[in-house]
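Mind the numbering: the first sequence is residues 1 to 198 in this note's numbering, read in order.
Contents: one structure, followed by commentary.
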Amino acid sequence: MVISEKILYSMGADVKQYDPTEIIFSEGDSPSFYYQIITGEVKLNNYNEDGKETIQNLLTDGESIGESLLFMDKPYPINAVTTTSCNILKLPKNLFMDLLKQYPDTCFDMNTHLSQNLYYKQLMAQTMSSQNPAVKLKTLMDYLKSFHNEDKPFSFKIPLTRQQMASLTGLCVETVIRSLKKMERDNMVQIENRKILY
DNA sequence: TCATTAAAGTTAT
DNA sequence: ATAACTTTAATGA
C-alpha cells in the first residue's frame with residue numbers, strides 16, 4: 001500500500017464505505033481529500049463528446065486515488081467511480097500535508113508511487129498512439145502482469161473484461177475480441193471459457 | 001485495417 | 001428479469 005493505514009488513522013483518516021458504481025469525485029471537483037483504497041476497485045475515467053468512455057486507470061487495494069492533484073491547485077481532470085463495493089480511507093488535504101511533513105519515509109513512498117504512475121502513463125501514451133491493436137493489448141497485459149509474481153506464460157488471468165480492455169486502449173470491443181483471437185492463434189495468449197490467460 | 005451497427009447468445013445482478 | 005458483457009457478421013472510411 002502507498003501509506004501505512006496505521007499512520008493514516010493516527011492523522012485522523014476516516015473509512016467511508018461505497019457501493020458499486022458510486023462516484024468518489026467528478027471531473028471539475030476541487031481536490032480536498034487524500035483517498036486510499038482499503039478494499040475494492042475504483043476506475044478513473046473520462047467521457048468524450050460521443051459519450052464513449054476512456055478508462056485512465058483501474059485501482060485496487062492499497063492504492064491512492066487522484067493523489068497527484070493534492071500537490072497542485074487544479075480541479076480533477078477525471079472522474080473516480082467505484083466498480084465494486086469499496087472501503088476507502090479519506091484524509092483531509094491539510095492533514096495529509098501534515099502527515100508528509102511528519103513522516104519523511106511516507107513522503108518517499110509517495111514519490112515512488114507517483115513515479116510508478118508516471119511510468120505507466122508514459123508507456124501507455126507511447127504505445128496507444130501506435131496503430132497495431134495487438135501491440136496495445138500486449139502492452140496493457142504486460143503492465144498488469146508486472147504486478148504479479150509469476151512470470152510464466154499463461155500463468156496470469158487478466159482481471160479485466162474485454163469492454164474494460166477496450167476502454168483502456170481506445171479500441172472498440174469487437175477489435176479487442178478479434179485481436180485476442182488472433183493472439184490466441186499466434187500462441188501469445190490462451191483463452192479458457194472467456195478467461196484470458198497471459 | 002479498424003470502427004460502427006445490428007442482432008443474438010451468455011453471464012452477472 | 002434485466003442489464004451488462006461477449007461474439008459474429010455486414011458495411012463503410
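We treat Cβ as the ideally placed atom computed from N, Cα and C, and that holds for glycine.
Considering only residues of the same chain and omitting the five flanking positions on each side of residue i, which have a CB-CB separation below 6 Å?
| i | result |
| --- | --- |
| V176 | R162, M165, A166 |
| L171 | P133 |
| D14 | K90 |
| L58 | K43 |
| T60 | E41 |
| N193 | none |
Return the residue from the list the options that minimises the CA-CA distance to residue i.
| i | options | result |
| --- | --- | --- |
| E41 | S85, E5, P75, S68 | S85 |
| T83 | L180, L114, E5, L44 | L44 |
| L69 | P159, Y47, N48, M97 | M97 |
| N46 | T60, S64, E27, P31 | E27 |
| T112 | S10, T39, E67 | E67 |
| I38 | N193, D29, S64, N48 | S64 |
| M124 | D142, V189, C107 | D142 |
| K74 | Q126, D29, E5 | D29 |
| M72 | F108, A80, L95, P31 | P31 |
| K152 | V173, L160, M188, E174 | M188 |
Spatial neighbours of residue i within its chain, please: C-beta separation below 7 Å, excluding the five flanking residues on both sides.
| i | result |
| --- | --- |
| F33 | K90, L91, P92, K93 |
| Y103 | I7 |
| H148 | F156 |
| K145 | F156, Y198 |
| F154 | Q190, L197, Y198 |
| E184 | Q190, I191 |
Would you check if the distance between the CB atom of residue i and the CB atom of residue j is smaller than 9 Å?
| i | j | result |
| --- | --- | --- |
| Y18 | I88 | yes |
| Q36 | G62 | yes |
| I3 | M110 | yes |
| L137 | S179 | yes |
| I158 | K181 | no |
| T106 | L100 | yes |
Can you check DSSP and say which residues form a bridge with residue i?
| i | result |
| --- | --- |
| Q102 | The partner list for Q102 (beta bridge, DSSP) is empty, contrary to what the question assumes. |
| F25 | A80 |
| T39 | N87 |
| A46 | As written in the sequence, residue 46 is Asn, which differs from the Ala given in the question. In the DSSP output, where bridge partners are listed per residue, N46 has T54. |
| K16 | I88 |
| I191 | I196 |
| I65 | Y35 |
| K93 | For K93, which the question treats as bridged, DSSP gives no partner whatsoever. |
| S138 | Checking the sequence, you will find Lys at residue 138 rather than Ser. BP columns for K138 are empty, so no partner. |
| L59 | V42 |
| K157 | L197 |
Excluding the five sequence neighbours on either side, which residues of its own chain have a C-beta within less than 8 Å of the C-beta of residue i, listed in chain order?
| i | result |
| --- | --- |
| D50 | none |
| T169 | M128, P133, K136, L137, L140, V176 |
| E150 | F156 |
Original post:
Okay, do the region 114-123 and the region 46-54 touch, 3+ Cβ pairs below 8 Å being the bar?
Top reply: no
Original post:
Contact between the region 128-141 and the region 22-39: three or more CB pairs below 8 Å?
Top reply: no
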